[in-house]
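Here the sequence shown is numbered in the numbering used here, starting from 543 and rising by one per residue. Glycine is no exception: its CB is placed at the ideal position from the N, C-alpha and C atoms. Structure, as structure tokens:
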Amino acid sequence: MEIVNLEILKFAVFMSLNLGKYFRFVFISILLISAAKFSLFAQNQVLIFNEYTASDTVDMGMCVVGDSLETIFNIVNLSGKVLKIGGNDYTFLIGRTTDDPNDLSYFEFYGPRDLPRTIDTNSNYLFKVKYVPFTPSIQFPVGKKVVLLRLGVFDPKKSDPPPSMEALEKKREFILIARKSDKELDVFENVIDFDSVWVEPRDTIRRVLIVQNNTTRDLVVDSIIFLRSLNAEIRLERKQLPVVFDPYRSGDERRQWQITYYPTNLGKDTALLSFVYRSPNNPDSVKSIQTIIRGVGVTQKLKLHKVDNAEIFDDFIDIGSIPLDTSKEVKIFVQNTGNLPFGVFKQEILNYYTETPSSGFRFADSLKSEKPLLPTQIDSFTVVFQPTQRDTFLARITFHSDIVNRKIIGYPESAKKIVFNIRGVGLAPKLAADVDSVDFGNIIINNAEGCPTIRDTTIYIVNNGNYVLRLENARIEPPYPQTPFKILEENIEVPAYSRRSLKVIFDSTAKTTGLYEAFLVLTSSFSRTHDTLRIKLKANGVLPDPINLSFPQDLSFNPGNVLSVPILVEKGKILRVKEYSDTLQYNPLILRYRGYTLQGTASEKIEVADVKENANGLLPIYLKTKWNEFFQPRDTLILLNFDTFVGNDFSSPLEFLSPRFGDGICSRALIPVIKSTNVRIDSLCGLRYKIYDGSKGVFFLDQPMPNPATTSVNINFGVAFDVKTSLVVYDSYGNMVEKLVDDVLEPNIYNYQLDISSLPKGVYFVQFVSGIYRDVKYFVKTY
């Protein structure tokens, strides 16, 4: 409530200043009555103000000798106690504004004659201050008079008069301005000094020049002369001539001109403004009055002059890069390139993005603040960069100017401080790796020849830092040979933002199965960080799995035909290996190797297929996939084709002699469980060149088409005469898939379409038997 009441009081005073004398008296009377009756306003309040302006500067105007000027002051006592004014200079004074002992202007000002006096609570004291000009003399010349008026009230119960300024309950000081003129036409200001104005200020600077007629007749200004220095940016408001002034004390004896100043260049600007008129008392005489107008366009600039131990990019100081826990001193020279002395009242180094102090930079010594840096002068300061972490440090060296305490008009907000950006980089490595663990997987432990237990893998040590990474004493815990892991390098160096490979080796000398575990320990030698990585190493020693390897059992053929024989494997295990080698043995007088088929088999995508028959009935086989591939998960490894003959026996063994499956490292990655077979002649009748009457037709079985197939195949065959005929489809294991024909057929050519969409992928055989004629063809089911 107290704050609200105080605001109401201020509003009341404001209203009183803007009302006429009668209304002002009524308004203040109502205010005091309300305060006494209702306690509307906060206690302990005393208001001291001028009746015509709220400012501390009271311009009383201009008068001639023999006349006077006056202004009214008001003191409102709402303190709740009786106060007093007058009695000594602490409570009432009209005096000098300067220390000039020759300034006697205050003798021409008069205060109230009823001092000292008391002011009751909830009442006011209204009084006049007058200016009565003395006859012009050396002591009391014409012109502008400026004096100090001090008004203070005190509690007479405490001390009367007050012993000091501190004993006053309320005090306010005013500057009183009055002018004494002996001219017919005179200006309020002989000199209008804009003083120092910032170049291209935030707004145009404005002053008002008042001109007054001091005669009892009309006065006419016929001409206004406005002379400016070269490129001066002082402007004068235009008025239509002639300008007529009413007589002195008529109420319209004054005219005013607005003068503006907006400097765009450094330096002084001057102008001379003259008002030319004819004297009302002597129309034949031409007179003039003058006002000098001046201003200075100023700016404040502090530029980098040079830097020792760093580089300069415009206003950016680049210290460069240094390791953590080291420091670098930079001496910075700056020059005042403006036309104002540069004074510093505060200097600091702040974070580039916030207003907090920088963590990486500090002053070793700063600019001299006891005296300003004059234009063109050079001074220096020293900054120390000591990085605390691996990072780029950006900061602002900030010098707060004392311009806020100087009479500089129109300066922008940016002029309050000069900022130089500074940059430095703290260097430190950052240890990382592309993996946090290494699993060698299952390593086959097979003591047979061709199955080493050595494995290696490559990991990459990464330096994510901006400084060289040095690793000293890289090691395995527990060390080799306590664990089968080892490295060949202990001291490693990795450049900034780079990576380097490190080979980790598994070498089990014991060749025993089981789980092996260890840690690769990497430690940075950088003194500040000592980054350490522990990468887990793991391997599992296992025995090789068995795999079934076989031929279809009880194979039979008719001599003269092609016999296709699949090598059967387990498709769930064959996909673990990428090499197969063996030698097959058979009777070369009955079987002769013709070729192989890969389509639809586990070897469909192999890179090497080396199958060559020896003269003594041995068939070496070597199959190998590409380096990054394995056998396909199919149950047929390869399909071998043989020409058949009568030979010297009715059958021939078809045997595996020394099969091996390799995974690229171990040539015995799987242990084959073999099952060979016998191949026998089905019928010697097939030896007859002509077994039917050719005039009646031909027995034949065409190759199923298409081959390979995905959804269906067409099977064409021919029957020469009425005879029992069968057409049966088998898989590669000899299991019957479907019997298409089992009946006596008439001589003709037949076609069957077999739906194979539901069959699994693999090799299938079509067996055609018609009388004593027998033939077998195969087809491949793919995706």
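Endpoints, the beta strand (DSSP E) within which Gly-837 is located: 824-840
Close Cβ partners of Ile-752 (< 6 Å) along its chain, the five nearest in sequence each way excluded: Phe-730, Arg-796, Gln-798
- Can you tell me the Cα-Cα spacing of Asp-1096 and Gln-1024, whole angstroms? 55 Å
**Q.** Beta carbon of Tyr-790 nearer than 8 Å to that of Thr-833
**A.** no
Pick from Val-818, Ala-974, Pro-1037, Phe-1061 that is closest to Ile-1047, judged by C-alpha positions: When each option's Cα is compared against that of Ile-1047, the closest is Phe-1061.
**Cutoff 6 Å; reference Glu-779; Cβ partners in own chain excluding five residues on either side** = Trp-799, Gln-800
Exercise for the section: Let me know if Glu-1121 comes out buried or exposed under the rule of 16 or more other beta-carbons within 10 Å of its beta-carbon. Expected result: buried
- Could you check which residue in Tyr-667, Ile-1116, Ser-900, Val-1084 has the C-alpha nearest to that of Lys-1166? Ile-1116
Please work out which residues of its chain come closer than 6 Å, Cβ to Cβ, to Ile-920, disregarding the five sequence neighbours upstream and downstream, and give them in chain order. His-847, Phe-875, Gln-877
With Arg-692 and Glu-715 assumed to form a contact (beta carbons below 8 Å), what rounded beta-carbon distance in angstroms separates them? 5 Å
Checklist entry - From what residue to what residue does the beta strand (DSSP E) around Gly-1056 run? => result 1056-1065
Given Ala-974, which residues of its chain have a CB within under 6 Å of its CB, disregarding the five upstream and five downstream residues? Contacts found: Val-1004, Asn-1006.
Review point. Should the region 1295-1304 be called in touch with the region 1083-1091, which here means at least 3 C-beta pairs below 8 Å?
Key: no
Q: Report all residues from its chain with a CB closer than 6 Å to the CB of Ser-901; omit the five preceding and five following residues, and keep chain order.
A: Thr-930
* **8 Å Cβ cutoff met for Thr-802 and Ile-747** => Contact: yes.
query = Between the C-alpha atoms of Asn-1033 and Leu-1091, what's the straight-line distance to the nearest angstrom?
reply = 50 Å
Practice item. Check the C-beta distance from Phe-1203 over to Leu-1212 and give it rounded, since I have them as a contact under 8 Å. Key: 4 Å
*Please confirm if the region 974-988 is in contact with the region 1014-1023, defined as three or more CB-CB distances below 8 Å between the two stretches.*
At 8 Å Cβ cutoff, the stretches do not touch.
Check your understanding: In three-state terms, what does DSSP make of Ala-957?
Key -> helix
### Query
Going along the chain, which residues of its own chain have a beta-carbon closer than 6 Å to the beta-carbon of Gly-1313, five neighbours each way excluded?
Val-1265
**Prompt:** If we ignore side chains and look at the alpha-carbon of each, how far apart do Arg-1210 and Glu-1155 end up?
**Reply:** 24 Å
Which residue marks the beginning of the beta strand (DSSP E) containing Lys-712, and which one marks its end? Where Lys-712 is concerned, the enclosing beta strand (DSSP E) stretches over 710-723.
Alpha carbon to alpha carbon, how far is Lys-1319 from Ser-1268? Give it in angstroms, no decimals. Straight-line Cα distance between these residues: approximately 14 Å.
Checklist entry - Can you pull the DSSP bridge partners for Gln-800? => result Val-750
Problem set entry | DSSP three-state assignment for Asn-1170, whether helix, strand or coil | coil
Proximity to Ser-610 [Cα-Cα], best of Pro-675, Arg-655, Thr-595, Asn-592: Pro-675
Requested in this report: Determine the extent of the alpha helix (DSSP H) in which Gly-1114 is found, giving its start and end residues.
Outcome: Looking at the DSSP string, the run of the alpha helix (DSSP H) that includes Gly-1114 is 1113-1116.
field: Beta-carbon contacts of Asp-850 that lie in its chain and below 7 Å, excluding the five residues immediately before and after
entry: Val-872, Lys-873
Going by CA-CA distance only, name the one from Tyr-1164, Gly-1137, Val-1119 that's closest to Asn-1170.
Val-1119
Is Ser-830 closer than 8 Å to Val-818 when the C-beta atoms are compared? yes
### Message
Beta-carbon within less than 7 Å of Val-1322's beta-carbon, same chain only, minus the 5 sequence neighbours each way: which residues are those?
### Response
Gln-1141, Gly-1142, Asn-1249, Pro-1250, Val-1305
*Who are Arg-1136's beta bridge partners in DSSP?*
Arg-1136 pairs with nothing; no bridge assigned.
| In whole angstroms, what is the alpha-carbon distance linking Leu-1126 and Lys-972? | 60 Å
Anticipated Cβ contact below 8 Å, Thr-595 with Gly-694, distance rounded: About 20 Å separates the two Cβ atoms, so there is no contact after all.
Checklist entry - How big is the Cα-Cα spacing for Tyr-895 and Asn-963? => result 11 Å
Exercise for review: Could you check the C-alpha separation between Asp-1317 and Ser-1106 for me, to the nearest Å?
Suggested key: For Asp-1317 and Ser-1106, the distance between alpha carbons rounds to 11 Å.
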